[in-house]
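Residue numbers (UniProt numbering): 1 to 126.
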């Protein structure tokens, strides 16, 4: 049974601390999140990691609690390592969703990287 939950997320810009990594698109299959990340900065991004934070209702709720809408809670986090990205380059990523995170109704991507800027060599002027 190939049930897919294709959820398109609007492009989300990473926080300023993460420079300019953008998750262009993503979709959820039964047990997998797939997406594409792009480096929109002028610097090379090394050691790119996408942290996925899963949100939803904890499984330990009793039936009497289900009548009240409970606040959304973080169920946990998982990470996906991505190849180094040159400026303007895109790469796919995939996260196999752990069993404890599968009840999640939403998630948030947090891209992180180590940034390398090239320092131009000085010319030999006297």
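For each residue, glycine too, the CB sits at the ideal point set by N, CA and C.
- Cβ contact annotation for residue 106 (same chain, cutoff 6 Å, sequence separation greater than five): 55, in chain order.
- Apart from the 5 residues on each side of it in sequence, residue 114 sits with its Cβ closer than 6 Å to the Cβ of 46 and 47 in its chain, given in chain order.
- Minimum Cα-Cα distance from residue 87 among the listed residues 94, 37 and 33 corresponds to 37.
- The beta strand (DSSP E) runs lying completely inside the stretch 20-60 and spanning 3 residues or more are 21-29, 32-39 and 44-56, given in chain order.
- By the neighbour-count criterion, in which 16 or more other beta carbons inside 10 Å mark a residue as buried, residue 101 falls on the buried side.
- Contact check for residue 49 against residue 77 fails: the beta carbons are separated by 8 Å or more.
- Inter-residue distance for residue 97 and residue 42 is about 32 Å (C-alpha atoms, whole angstroms).
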